[in-house]
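For reference, the structure discussed in these notes is given below.
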Amino acid sequence: MEEVFVDNLKQVALAVANHHGIYGMARTPSLAEQLPRVYEEYGKFEFVTAAWTRNGILLHRSDPAVNLPFLSRSGLSVVSVGQERWHLYTIVLKDGIVQAAQRDSERQAMARETGAVLIAPALLLLAVLAVMLTLALRRGLAPLALAADQVTARSVEALHPIALSAHPSELHLLIGAINDLMSRLGGALSLQRLFLADAAHELRTPITALRLQLQLLERAGDDIQRQAAMDHLRAGIERAQHLVEQLLQLSRLAPETPALHREPVDLAKLVRAAVCRFGARADQRKIDLGAVTDGSPVTEADAQQLTILLNNLVDNALRHTPAGGRIDVAACIDQGHPCLRVTDSGPGIPPAERQRVFDRFYRGNSPSEAGGMPHGSGLGLAIVRAVAERHGAHISLEDAPRRPGLRISVQFAAG
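Under our numbering, think of the first position of the sequence shown as 161, with each following residue one higher.
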């Protein structure tokens, strides 16, 4: 805007120089005739002009009441005349000096009027664009809103896929992703329902046994029968407790549980602690339970979950190793990877069953007892697999070097 005002003053000054003459002419056109564009736009605003010799002699003044000062340099100046501020543009020519001036109040009025002229259409245009953009967005998002309404209206059991044909191609990628999510969710819910059904069945068995043992205890005729019933009752309670503990462990290893608390874990220290923890139980059954550590293998892992993994491996080995057998619990480096390894002298697992033993509640065809040790719940190796998967570890089953027997290895990522 400032450049426009300066240009207008300059045009007025040039008009004075070109048409008015420095030393006077017989007849000169008025400024309105000389500058039709300027006066068409700003004619109601007053311009004051003056012409001087280079020595400062006044030749012309359009308004005698306004004493513009003589300035010998070209360009724009802000001067005070009386009590008013003026914007003065001076042009120095070879034979004189011409000036054009305008009151500051006049310029402010011009700025306000020009702003009103320019801003009003701009605001109107912005309003029109806003309305058009809103309508376009509503129309463009209508299919998405329709899809959202369809998903919202579904019940929690309705996990069937959304039909792609009912929606524009632009939404097919999004709807396909939603369908994939619902498919995976449906699979997870099916597994959960199956797990709950299996868990209820597994819990019913020890509870039924406990009720029968309690009835036998009530009917016991002498101390020997009473003690036998008490022993069976205690074993049943321990089995039920073990099953509940493993169910809790599995629930804490679900994918939606919080992220792992990873830290450096010394596997050799973990192995020695497990051997101490199960030592008394192994001694009762005269099983040689020992720790084998090769170096100091360390891995970034959740120490609590690795303890659960190793507890279940050792518990599984104790349940299937006959009295007088041997179990080695090892921590080592295998091909550059930290590794936990449990080797027992039990009956082993046939190769055809080695993948199925990781399924929940699968017990295989092994005997129900090993030297008087009650059979497990079928959850131990499922827990081992869940912990290994959360850590990105690899599990392998193979025959023990000294048959019969089984070796289970859990290999972690190299540090």
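All C-beta atoms in this analysis are idealised placements derived from N, C-alpha and C, irrespective of residue type, glycine included.
Can you tell me which of the three DSSP states residue i falls into?
{"i": "aspartate 448", "result": "strand"}
{"i": "aspartate 382", "result": "coil"}
{"i": "serine 556", "result": "strand"}
{"i": "serine 528", "result": "For serine 528, the predicted structure reports a pLDDT of 42, less than 50, and the residue's modelled location is therefore unreliable. The matter cannot be settled from this model."}
{"i": "arginine 562", "result": "coil"}
{"i": "alanine 226", "result": "First, the amino acid is wrong: residue 226 is valine here, not alanine. Looking at valine 226 - three-state DSSP - the assignment turns out to be coil, as it is neither helix nor strand."}
{"i": "arginine 314", "result": "coil"}
{"i": "arginine 486", "result": "strand"}
{"i": "glutamate 513", "result": "helix"}
{"i": "lysine 204", "result": "Note that lysine 204 scores a pLDDT of 43, beneath 50, so its modelled location is shaky and nothing firm can be said."}
{"i": "glycine 184", "result": "Confidence at glycine 184 is low in this model, with a pLDDT of 44, below 50, so its placement is unreliable and no value can be given for it."}
{"i": "isoleucine 322", "result": "coil"}
{"i": "aspartate 519", "result": "coil"}
{"i": "histidine 402", "result": "helix"}
{"i": "glycine 506", "result": "coil"}
{"i": "histidine 392", "result": "helix"}
{"i": "alanine 419", "result": "coil"}
{"i": "valine 198", "result": "Because the pLDDT of valine 198 is 42, which lies under 50, any placement of that residue in the model is unreliable, and the number read from its coordinates should be weighed accordingly. In this structure, valine 198 counts as helix in the three-state DSSP scheme."}
Between the beta-carbon of residue i and the beta-carbon of residue j, is there less than 8 Å?
{"i": "glutamine 259", "j": "phenylalanine 207", "result": "no"}
{"i": "alanine 389", "j": "leucine 407", "result": "no"}
{"i": "aspartate 504", "j": "alanine 548", "result": "no"}
{"i": "leucine 403", "j": "leucine 363", "result": "yes"}
{"i": "alanine 425", "j": "leucine 473", "result": "The question names alanine, yet the displayed sequence has valine at residue 425. No, these two residues do not count as a Cβ contact at 8 Å."}
{"i": "glycine 506", "j": "glycine 565", "result": "yes"}
{"i": "alanine 451", "j": "arginine 437", "result": "no"}
{"i": "isoleucine 568", "j": "valine 502", "result": "yes"}
{"i": "alanine 360", "j": "glycine 396", "result": "no"}
{"i": "threonine 125", "j": "valine 176", "result": "Beyond the ends of the chain as shown, which are 161 and 575, falls residue 125; an answer cannot be given."}
{"i": "leucine 557", "j": "isoleucine 509", "result": "yes"}
{"i": "methionine 342", "j": "proline 321", "result": "yes"}
{"i": "glycine 496", "j": "alanine 553", "result": "no"}
{"i": "valine 238", "j": "arginine 245", "result": "yes"}
{"i": "alanine 542", "j": "arginine 562", "result": "no"}
{"i": "leucine 107", "j": "isoleucine 335", "result": "Coverage of the chain is limited to positions 161 through 575, which leaves residue 107 absent and any answer about it impossible."}
{"i": "valine 165", "j": "arginine 267", "result": "The sequence shown places phenylalanine at residue 165, not valine. Cβ atoms of phenylalanine 165 and arginine 267: closer than 8 Å."}
{"i": "glycine 216", "j": "phenylalanine 230", "result": "yes"}
{"i": "valine 570", "j": "leucine 469", "result": "yes"}
{"i": "histidine 332", "j": "proline 303", "result": "no"}
{"i": "leucine 427", "j": "threonine 459", "result": "yes"}
{"i": "aspartate 448", "j": "arginine 486", "result": "yes"}
{"i": "alanine 380", "j": "glutamate 423", "result": "no"}
{"i": "leucine 410", "j": "alanine 546", "result": "yes"}
Over what stretch of residues does the alpha helix (DSSP H) that includes residue i continue unbroken?
{"i": "leucine 331", "result": "No alpha helix (DSSP H) holds leucine 331; DSSP gives it neither H nor E."}
{"i": "alanine 463", "result": "463-480"}
{"i": "glutamate 549", "result": "540-551"}
Residues bridged to residue i by DSSP?
{"i": "leucine 500", "result": "Ala491 and Val570"}
{"i": "leucine 218", "result": "Trp212"}
{"i": "glycine 235", "result": "Thr250"}
{"i": "serine 240", "result": "Arg245"}
{"i": "valine 435", "result": "DSSP lists no partner for valine 435."}
{"i": "valine 458", "result": "Asp426"}
{"i": "threonine 453", "result": "Ala491"}
Locate the beta strand (DSSP E) running through residue i, then write down its first and last residues.
{"i": "glutamate 423", "result": "423-426"}
Does the beta-carbon of residue i, which I'm using as the reference point, lie nearer than 7 Å to any heavy atom of the ligand MN?
{"i": "histidine 320", "result": "Looking at this structure, you won't find the ligand MN or any other ligand, since it has none at all."}
Contained beta strand (DSSP E) runs [length at least 3] in the stretch 244-282, N- to C-terminal order:
List check, beta strand (DSSP E) in window: 244-253 and 256-263.
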